[in-house]
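Asks: Let me give you the structure first, and then I'll get to my questions.
Residue numbers (our numbering): 40 to 159.
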């Protein structure tokens, strides 16, 4: 059985403990977009606050209000697929594992599970 983590999976301290307990060989990331945004009320917030400024625009770019939609810009209050990097960042902080190792392992597990070997 494989396990995946999304932003809503990191909402409470108990959720953080559960995410930390997932064995790396079974670990994957997901966004669950457009739902399950990572918010300032989630237990993951202190970990997201350590996200380097250079990565913030990549994973959490400035968003517009729905009524002011601009093509190519995220919508405020909606989870966007790019936020998956924020999920990876929290897992990296929880487990004190290099960020690159978290993302590489999640990618490898996903490719293997879905038979996407041509993407290796």
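Ideal Cβ positions, reconstructed from N, Cα and C, are used throughout, including at glycine.
Fair warning: this is a prediction, and the values are worked out from it, not measured in the lab.
By DSSP, does residue 161 sit in helix, in strand, or in coil?
Replies: In the structure as shown, the chain starts at 40 and stops at 159, and residue 161 therefore has no counterpart that could be examined.
Asks: According to the neighbour-count rule (16 or more other Cβ atoms, all chains shown, within 10 Å of its Cβ), is residue 128 buried or exposed?
Replies: Looking at its Cβ environment, which holds 16 or more other Cβ atoms inside 10 Å, residue 128 is buried.
Asks: Give me, in chain order, the residues of the same chain whose beta-carbon lies closer than 7 Å to that of residue 118; leave out the 5 immediate sequence neighbours on both sides.
Replies: Answer for residue 118: 46, 70, 71, 72, 73, 74, 75 and 76, listed in chain order.
Asks: Here's a check: name, in chain order, each residue in its chain whose Cβ is nearer than 8 Å to the Cβ of residue 98, leaving out the five neighbours to either side.
Replies: If we look at residue 98 and ignore the five residues flanking it on each side, its Cβ neighbours are 90, 121, 122, 123, 124, 125 and 128.
Asks: Compare the Cα-Cα distances from residue 63 to each of 138, 109 and 158 and report the closest residue.
Replies: Nearest of 138, 109 and 158 to residue 63, Cα basis: 138.
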